[in-house]
């Protein structure tokens, strides 16, 4: 009787492939031919089933990975779109915020006119650029007896008067009077009016063909204040309707090369002269426009002999 030798797992190499397993069965197990073949067939069946399962699992794995990748890509795409939308929204929010903050910095909160600091910057920018007109004008406005309105009628009434005068100034010194050729900021804003402080306002009229046109525009504003139905705002104004004084300085526009180096100085000096004229008008005659025409000579303003009106 042939003794079957058992396989020593410690000394024999483990078969790695089907053919190696077949060889191992033949060399190590020494089975009768029929049994040996039956075992080899069984091994083949197991290998084939395993291979089918492996291939199926492989395909399922690939499909799963692909599906997962597609899902991930879709999620990434959606996330990126959402991020883009979020970034755009944030960008728009900050643009609006900056615009709003800039507007608040540049404007008087009560009247929504430019504040004095911004007005000076605008006038300086205007004077530093080439202009098509021969003249420009700076005007300064004061409400007559404003302290009386404030003290007698109260600060609320005073605030209403300030707001109404600001509205009339915007309406009468209109955008079609402001046609600066190259000052982009001037053209974009179209509202070169400002609250000077308290009950005073200032404005710029650029690109005038003649100095008298500035007086006409200022007079239009003064008359609008005079004609306004003030009792509609406050019945107590029937006995003392609001009036304004205006000082206005017309500047003959010299060559821009002469103006640009002293633009800020010119802006400030023009306002100082307009302020002086306004107070002269107040003391000389109520509801009056006091004009002056000047030109630049050796970096300073020189009064012209010709009266603009």
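Residue numbers (our numbering): 51 to 359. No residue lacks a Cβ here, since even glycine has one placed at the ideal position from N, Cα and C. No experiment lies behind these values; they were computed from the predicted model shown.
Where the alpha helix (DSSP H) through residue i begins and ends
| i | result |
| --- | --- |
| residue 250 | Here residue 250 belongs to no alpha helix (DSSP H); instead the beta strand (DSSP E) covers 250-258. |
| residue 72 | 68-74 |
| residue 170 | 166-177 |
Residue i and residue j closer than 8 angstroms at C-beta
| i | j | result |
| --- | --- | --- |
| residue 266 | residue 301 | no |
| residue 264 | residue 255 | yes |
| residue 219 | residue 176 | no |
| residue 163 | residue 157 | yes |
| residue 179 | residue 275 | no |
| residue 351 | residue 308 | no |
| residue 166 | residue 246 | yes |
| residue 81 | residue 71 | no |
| residue 196 | residue 249 | yes |
| residue 68 | residue 93 | yes |
Residue i, enclosing beta strand (DSSP E) - first and last residue
| i | result |
| --- | --- |
| residue 204 | Counting along the chain, residue 204 falls outside any beta strand (DSSP E), and DSSP gives it neither H nor E. |
| residue 347 | 339-347 |
| residue 191 | 185-193 |
| residue 306 | No beta strand (DSSP E) holds residue 306; the alpha helix (DSSP H) holding it covers 306-309. |
| residue 281 | Element bounds for residue 281: n/a, residue is neither H nor E. |
| residue 244 | 243-247 |
| residue 312 | Per DSSP, residue 312 belongs to no beta strand (DSSP E) and is neither H nor E. |
| residue 294 | 294-302 |
| residue 352 | 350-353 |
Beta-carbon separation (whole angstroms), residue i vs residue j, contact threshold 8 angstroms
| i | j | result |
| --- | --- | --- |
| residue 295 | residue 201 | Rounded, the Cβ-Cβ distance is 19 angstroms, inconsistent with contact. |
| residue 339 | residue 269 | 6 angstroms |
| residue 323 | residue 342 | 6 angstroms |
| residue 182 | residue 128 | About 55 angstroms separates the two Cβ atoms, so there is no contact after all. |
| residue 190 | residue 297 | 5 angstroms |
| residue 96 | residue 86 | Actually they do not touch by this definition, with Cβ atoms about 16 angstroms apart. |
| residue 194 | residue 293 | 4 angstroms |
CB contact check: residue i to chain C, cutoff 8 angstroms
| i | result |
| --- | --- |
| residue 163 | Reference to chain C is not applicable here, since this structure consists of a single protein chain. |
Flag this pair as touching only if the region 206-226 and the region 310-327 have three or more C-beta atom pairs under 8 angstroms; answer yes or no. no
Would you call the region 321-329 and the region 273-285 touching, i.e. three or more CB-CB distances under 8 angstroms? no
Three-pair Cβ contact test at 8 angstroms for the region 199-206 versus the region 179-186: no
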